[in-house]
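Notes to accompany the following structure.
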Amino acid sequence: MEKLLAKVDRRIKKLGDELQQLYTEHPDATIGEITFQNLLSGMRGMKSLICNTSFVDPYRGLFISGLEVPDFEHKTPEEIFFLLVTGTLPSKSELEELSSELKKRSKVPEYVWKMLRSLPKTIHPMTMFSLGILAMEGESVFKKKYEEGLHKDEYWKYTLEDSLNLIAKLPSLAAGIYRILFMNGDIIDSDQQLDLAGNLTQRLGFNRHNQGFEELNRLYLVLHCDHEGGNVSAFTSRVVNSALSNIYYAASAGLNGLAGPLHGLANQECLHFITNIHDTLGNKPSVDEIRKYVMKTLDDGKVIPGYGHAVLRVTDPRFTAFMKFGDKHCPESPYLQTVKKLYEVVPDILKTYKGGKVSNPWPNVDAISGSLLYHYGMTHYEYYTVMFGISRVLGFCAQNTIARGLHQPIIRPKSVTNSWLKEHLESQTVAGH
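Per our numbering, residue 227 is the first one in the sequence shown, and the count goes up by one each step.
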């Protein structure tokens, strides 16, 4: 693991030096102002975090350590984690070292399986996933080292150590949950010759050579890995880890945020929308039929799931990457065809509907990802957020490793009361006169 440690160490020192220089030159600089509207809108858009693993440009989409989606969409999850945490893609030898480390750490403790099997079959798979990770908290190396008096300069190393242990187990844990909930409960052994995505596919029980399903899983894990530091799941993991709660606590907490309907559950809602179209109009609806269906949905006061984004103002490049995959591997899929017809009509409708109030009428990644999984036979769409979660933990781990290396403090914003707001705003009004 020496090569990975050395590169992460260099990156942390470089980022730290940059921040120190900026602070020396601009100690009192204003980054932005906080308005009353910010307080009422979930702090949306407020620049209040430092995150160097990824960046979302409104007009170009996701960047991972400076690379755009077309530059990394064909990489493996292992390569993407290396990119997230070091800032560069691995060389062949660096990738081999990381892959070897992950394979050695991949066994999920038996007590985790015993606990998961004891849960009711009515439980949501995301609850099982979060519980499974939390159950392994006792394995934390960071926790043991901290109790022994770990120096703060070493925090990042053992956060990374825990991260590798956790990431290595994610495919096994996630696939086991699928087998327990939806199959006969048997756990399929891992194959030490396969990468993370290959093992996930095999251990789920799907044919790895089924017309690209393994490639789809690989793409899925890559495209969902990170999305800045302010989304609900990443921010939650950052807040928890800032208290020096170890990565098991932080990842489990982040996944609990991801499980919400306004965050990670969006892809299953998009698929539900498409299956409802098929139930109503048949498996091959025309463009005109879909246009009328969309208009009725809007007239009923509902939204079109998968369209719009908090940051993006163009078609999500991750949507485009999945579309290219579909065109290559399953162009005749009725689900993909409906996704494409929706893409043909929805943006134009949203641009003009009731005066065109929608700031971003374009599709995001959720508009297509679930439909491709469904095409390949993963029809339990309540499981899709677990797939999302496997990927997003890569980002949690990278962001928190770097944050601990930079000695970032506990996150503790100040809250205010209605009374304080009233007094403050009234005093500003008086001062303005």
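Heads up, the beta-carbon is just placed ideally off N, CA and C, and yes, glycines get one too.
Since the structure is predicted, the reported quantities are computational estimates derived from the model, not experimental observations.
Inter-residue spacing [alpha-carbon to alpha-carbon] between L445 and K330: Along the sequence shown, read from residue 1 onward, the residue named residue 445 stands at position 219. Along the sequence shown, read from residue 1 onward, the residue named residue 330 stands at position 104. Looking at the two C-alpha atoms, the distance is approximately 24 Å.
So who's on the other strand from F281, going by DSSP bridges? Here residue 281 is taken as the residue at index 55 of the sequence shown, counted from 1. Note: F281 sits in a beta bridge opposite F289.
List the endpoints of the continuous alpha helix (DSSP H) containing D235. Stepping through the sequence shown from its first residue, residue 235 is reached at position 9. Residues E228 to E251.
Alpha carbon to alpha carbon, how far is S398 from G490? The sequence position of residue 398 within the sequence shown is 172, counting from 1. The sequence position of residue 490 within the sequence shown is 264, counting from 1. Cα-Cα distance, rounded: 21 Å.
Counterpart residues of Y533 in DSSP-defined beta bridges: Counting from one through the sequence shown, the residue named residue 533 turns up at place 307. P589, per the DSSP bridge assignment.
Secondary structure of E374, DSSP reduced to three states: Taking the sequence shown and counting its residues from 1, one reaches residue 374 at position 148. If DSSP states are grouped into helix, strand and coil, E374 belongs with coil.
Threshold first: 4 residues or longer. Then list the alpha helix (DSSP H) segments lying entirely within the segment 488–564, N to C. 492–507, 513–525 and 543–555
Any contact between the segment 285–299 and the segment 416–435? By contact I mean 3 or more CB pairs, one from each, below 8 Å. Contact between the segment 285–299 and the segment 416–435 is absent, because fewer than three Cβ pairs lie under 8 Å.
Who are the near neighbours of V334 in its chain, counting only those whose CB is closer than 6 Å to its CB and skipping five residues on each side? Position 108 of the sequence shown, counted from the start, is the residue given in the question as residue 334. These residues qualify, in order along the chain: K395, S398 and L399.
For V282 and A593, I'd like the C-alpha separation in whole angstroms. Mapped onto the sequence shown, residue 282 falls at position 56. Mapped onto the sequence shown, residue 593 falls at position 367. So the two alpha carbons sit approximately 18 Å from each other.
The segment 299–316 contacting the segment 358–365, beta-carbon criterion three pairs below 8 Å: no
The alpha helix (DSSP H) enclosing T314, as first and last residue numbers: Residue numbering aside, residue 314 sits at position 88 when the sequence shown is read from its first letter. No alpha helix (DSSP H) holds T314; DSSP gives it neither H nor E.
So within the segment 351–427, which uninterrupted alpha helix (DSSP H) runs reach at least 4 residues, ignoring any that extend past its ends? 351–361, 367–373 and 381–408, all fully within the segment 351–427.
Reference Y607, options F408, T250, L576 and G268, closest by Cα: Taking the sequence shown and counting its residues from 1, one reaches residue 607 at position 381. Nearest option by C-alpha distance: F408.
Quick one: residues in its chain with C-beta nearer than 8 Å to the C-beta of Q494, no 5 flanking neighbours on either side, listed in chain order? On the sequence shown, position 268 is the one that residue 494 refers to. Contacts found: G596, Y607, E608, Y610 and T611.
Runs of alpha helix (DSSP H) lying entirely within the segment 561–641, each at least 4 residues, in chain order: Taking only runs of at least 4 residues, the alpha helix (DSSP H) segments lying wholly in the segment 561–641 are 592–601 and 610–631.
Between V458, R544 and G480, which lies nearest to V448 when the distance is taken from Cα to Cα? In the sequence shown, the residue the question calls residue 448 occupies position 222. It is R544 whose Cα lies nearest to the Cα of V448.
Is it true that the CB of R405 sits closer than 8 Å to the CB of Q625? Numbered from its first residue, the sequence shown carries residue 625 at position 399. Numbered from its first residue, the sequence shown carries residue 405 at position 179. Going by C-beta atoms, Q625 is not nearer than 8 Å to R405.
From Q654 to S274, what distance separates their C-alpha atoms? Against the sequence shown, residue 654 aligns to sequence position 428. Against the sequence shown, residue 274 aligns to sequence position 48. Spanning the two alpha carbons is a distance of roughly 24 Å.
Of the listed residues G456, A479 and V565, nearest to N467 (C-alpha basis): Position 241 of the sequence shown, counting from 1, holds the residue named residue 467. Of the listed residues, the one whose Cα sits closest to N467 is A479.
Look up E322 in the DSSP assignment and say whether it is helix, strand or coil. Translated into positions along the sequence shown, residue 322 becomes position 96. In this structure, E322 counts as helix in the three-state DSSP scheme.
Closest to I473 by C-alpha separation, out of C623, S645, A255 and S280, would be which residue? As a working mapping, residue 473 is identified with position 247 in the sequence shown. Among C623, S645, A255 and S280, the Cα nearest to that of I473 is on C623.
Do R630 and Y475 have their beta-carbon atoms positioned less than 8 Å apart in this structure? In the sequence shown, the residue the question calls residue 475 occupies position 249. In the sequence shown, the residue the question calls residue 630 occupies position 404. Contact: no.
Can you find at least 3 beta carbon pairs, one from the segment 504–516 and one from the segment 565–581, that sit closer than 8 Å? yes
Please report the straight-line C-alpha distance between D235 and G455, rounded to a whole angstrom. Working through the sequence shown from its first residue, we reach residue 235 at position 9. Working through the sequence shown from its first residue, we reach residue 455 at position 229. Roughly 21 Å separates the two Cα atoms.
In terms of alpha-carbon separation, which member of L342, K528, D297 and K383 lies closest to Y369? Within the sequence shown, the letter at position 143 stands for residue 369. Checking the sequence shown, residue 369 turns out to be Lys, not Tyr. When each option's Cα is compared against that of K369, the closest is K383.
Could you spell out where the alpha helix (DSSP H) holding E336 opens and where it closes? Taking the sequence shown and counting its residues from 1, the one referred to as residue 336 is at position 110. It spans E336 to R343 - the alpha helix (DSSP H) in which E336 sits, taken as one unbroken run.
Does the separation of the CB atoms of L310 and F298 fall below 8 Å? Position 84 of the sequence shown holds residue 310. Position 72 of the sequence shown holds residue 298. In this structure, L310 keeps its C-beta atom at 8 Å or more from the C-beta atom of F298.
Distance between K583 and N482 (C-alpha atoms, nearest Å): Position 256 of the sequence shown, counted from the first residue, corresponds to residue 482. Position 357 of the sequence shown, counted from the first residue, corresponds to residue 583. Each residue's Cα considered, the two are about 32 Å apart.
Indicate whether the contact test is met: 3 or more Cβ pairs, each with one atom in the segment 573–587 and one in the segment 520–527, closer than 8 Å. Cβ pair count under 8 Å is three or more, so yes.
Report yes if the CB atom of L324 is closer than 8 Å to the CB atom of L230, and no otherwise. As a first step, residue 324 must be located in the sequence shown, where it is residue number 98. As a first step, residue 230 must be located in the sequence shown, where it is residue number 4. Going by C-beta atoms, L324 is nearer than 8 Å to L230.
T462 lies in the alpha helix (DSSP H); which residues open and close that run? In the sequence shown, the residue the question calls residue 462 occupies position 236. It spans V458 to S468 - the alpha helix (DSSP H) in which T462 sits, taken as one unbroken run.
Measure the C-alpha to C-alpha separation of S356 and A477 and round it to an integer number of angstroms. On the sequence shown, position 130 is the one that residue 356 refers to. On the sequence shown, position 251 is the one that residue 477 refers to. If I take the Cα positions, the gap works out to 8 Å.
Helix, strand or coil: how does DSSP classify E440 here? Taking the first residue of the sequence shown as position 1, residue 440 is located at position 214. DSSP places E440 in helix when its eight states are reduced to three.
CA-CA distance, R286 and V537? As a first step, residue 286 is located in the sequence shown; it is residue number 60 there, counting from the start. As a first step, residue 537 is located in the sequence shown; it is residue number 311 there, counting from the start. Each residue's Cα considered, the two are about 11 Å apart.
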